[in-house]
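Numbering (the UniProt record's numbering), first residue to last: 1 to 347.
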Amino acid sequence: MKIQIKKGIGFVLLAGLLNLLNGCESDANFKIQEYPELSVSDFSPAIARPTQEITINGSNFGTLKNAVTVYFNGIAVPAANIKSVEDNKIVVTVPDNAQSTGKVSVKVWKFTKELPGSFTFIPGGVITNVTPLMGLENDVITITGKNFGTVKSDIKAAFGGVYGEVISVTDTEIQVKVPKGGITGTLNVYVGLQKLDAGFFLVDAVKISGTIIGTPGSWNNNEATTIAAAFDGNTATFVDGTGASNYYLGYDFEASAAATLKAVRYYPRATYAARMLNGKIYGTNDPSKVGTNGGTLLAAISTTPIYGWNQLIISDTSTSYRYIYYYNETAGNGNNVAEIEFYGKKI
1 MKIQIKKGIG FVLLAGLLNL LNGCESDANF KIQEYPELSV SDFSPAIARP
51 TQEITINGSN FGTLKNAVTV YFNGIAVPAA NIKSVEDNKI VVTVPDNAQS
101 TGKVSVKVWK FTKELPGSFT FIPGGVITNV TPLMGLENDV ITITGKNFGT
151 VKSDIKAAFG GVYGEVISVT DTEIQVKVPK GGITGTLNVY VGLQKLDAGF
201 FLVDAVKISG TIIGTPGSWN NNEATTIAAA FDGNTATFVD GTGASNYYLG
251 YDFEASAAAT LKAVRYYPRA TYAARMLNGK IYGTNDPSKV GTNGGTLLAA
301 ISTTPIYGWN QLIISDTSTS YRYIYYYNET AGNGNNVAEI EFYGKKI
């Protein structure tokens, strides 16, 4: 079927369409924006490690971070590395995948400019191990890894924000003293301006032990699965208790050697981690309360632990106790503890 439009009506429709297009053109939302071409002048520093900030100077950068891409030797920096954009300055952090030497270039909208000079990338420091993970004031800890350099003044180690004395530095090892007033928390290591997270560090605490106490016996009277297995340093062995509720295990530090507690590390039996859920850590100086929930509650396992090392941080670290123990009211094979360790300080 053919549709015919009369000449007069067609003219009216055409005129309406032209008016509509003209109206869109006059609306700023429909205009094609032309951006001025950028220019670049310099950047600094010219030598840096990953995470260090580089400032690029120039003009007509605008202020929209999403419109800017920075390249180190042809590799685009992730958007998160572009920290700020001003019309005459861009601040960007050096990415981990930057190359050893190369050009820096900037793209803003459709314009790309290469900066004069070359950027030299220094491989970033990498931490592989910290030994030990806790210590008293003036204890020396060892941080191992790579790309630390050999200049001692380039290295800093902050224990909860308090800097320790750096004793020695090689490209693969740093030795530093635990400082007075150090704070339990994240240990940050600085290699030049690069900041590295070395993990959780316990200040003013060491692994403590005493006379083992706890619920006697084991499932099927197996001597290899009594409470002693939780303190033998072997995560492959485990406690397999009698199945009774109110199961406990811990230490008696004796009256003359009470201890304060800062943290507890524990490792469940393989495939049975859920059995340690709802376990609690208690401290007491009253022998009649040992192995019960009548002591002072110091910490609790409120979520199913992982199969591996788990950690509980103690908030009350000033009170000393003769008896410190793990306790669980839930019946179930002594909660299948593979290992448990207490960290604090004997008084």
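Don't be surprised by glycine CBs; every beta carbon is placed ideally from N, CA and C.
A quick note: this is a predicted structure, and the numbers were derived from the prediction, not measured.
For residue i and residue j, what's the separation of their Cα atoms in angstroms?
i           : j    : result
E165        : T184 : 17 Å
A198        : E339 : 24 Å
A15         : E34  : Interpretation of A15 is limited by its pLDDT of 48, a score under 50 that renders its predicted location unreliable; the figure taken from the coordinates is listed afterwards. About 29 Å.
T319        : E86  : 54 Å
T51         : T120 : 14 Å
P78         : F72  : 11 Å
R269        : G294 : 27 Å
T144        : D286 : 44 Å
S218        : I141 : 39 Å
G149        : G308 : 33 Å
residue 366 : N234 : No information on residue 366 is available, as it lies outside the stretch 1 to 347 that the chain covers here.
Q175        : S168 : 5 Å
I75         : N97  : 8 Å
L249        : P216 : 9 Å
A28         : F61  : Note that A28 scores a pLDDT of 49, beneath 50, so its modelled location is shaky and nothing firm can be said.
A255        : K83  : 57 Å
A228        : T93  : 52 Å
L298        : V203 : 18 Å
T330        : G182 : 38 Å
M134        : G192 : 25 Å
L115        : D42  : 6 Å
T292        : T260 : 19 Å
N221        : D139 : 43 Å
P36         : T69  : 16 Å
P132        : D171 : 20 Å
Y247        : A236 : 21 Å
S44         : S100 : 16 Å
Y323        : N66  : 59 Å
T63         : P95  : 21 Å
L187        : R275 : 32 Å
K180        : G241 : 43 Å
F231        : V104 : 57 Å
T226        : N310 : 21 Å
Within 10 Å of its beta-carbon, does residue i have 16 or more other beta-carbons around it, so buried, or fewer, so exposed?
i           : result
K262        : buried
I208        : buried
N22         : Only weak support exists for where N22 lies, its pLDDT of 48 falling under 50; the value from the coordinates is given anyway. By the 10 Å Cβ count, N22 comes out exposed.
G344        : buried
A273        : buried
A224        : exposed
I314        : buried
A158        : buried
I347        : exposed
F253        : buried
G283        : buried
residue 356 : The first residue shown for the chain is 1 and the last is 347, placing residue 356 beyond what the model contains.
G161        : exposed
L196        : buried
L312        : buried
T271        : exposed
State yes or no: is the C-beta of residue i within less than 8 Å of the C-beta of residue j?
i    : j    : result
K146 : V126 : yes
F211 : Y251 : Looking at the sequence itself, residue 211 is Thr, so the reference to Phe does not match. Result yes, Cβ atoms of T211 and Y251 sit closer than 8 Å.
I213 : I122 : no
G58  : N88  : yes
V239 : N336 : yes
Y327 : K289 : no
Y325 : A258 : no
I56  : V106 : yes
F200 : V264 : no
V189 : L136 : no
K113 : V40  : yes
V108 : L38  : yes
Y163 : K152 : no
G117 : R49  : no
T317 : L277 : no
In the DSSP assignment, find the beta strand (DSSP E) that holds residue i and state where it starts and stops.
i           : result
T215        : Note, T215: premise wrong, no beta strand (DSSP E); not H, not E.
E53         : 53-59
A270        : Careful: A270 lies outside any beta strand (DSSP E) and carries neither H nor E.
A157        : 155-159
A258        : Segment: none, A258 is in no beta strand (DSSP E) and carries neither H nor E.
E114        : 111-114
F200        : 194-203
residue 408 : Since the first residue shown for the chain is 1 and the last is 347, residue 408 is missing from the structure and cannot be characterised.
E339        : 337-346
I281        : 280-284
T93         : 89-93
S105        : 104-108
Y71         : 68-72
Y190        : 185-191
G145        : 140-146
What runs of the alpha helix (DSSP H), each 4 residues or longer, lie entirely inside the region 298-335? Listed in chain order, nothing qualifies, since the region 298-335 has no complete alpha helix (DSSP H) run of 4 or more residues.
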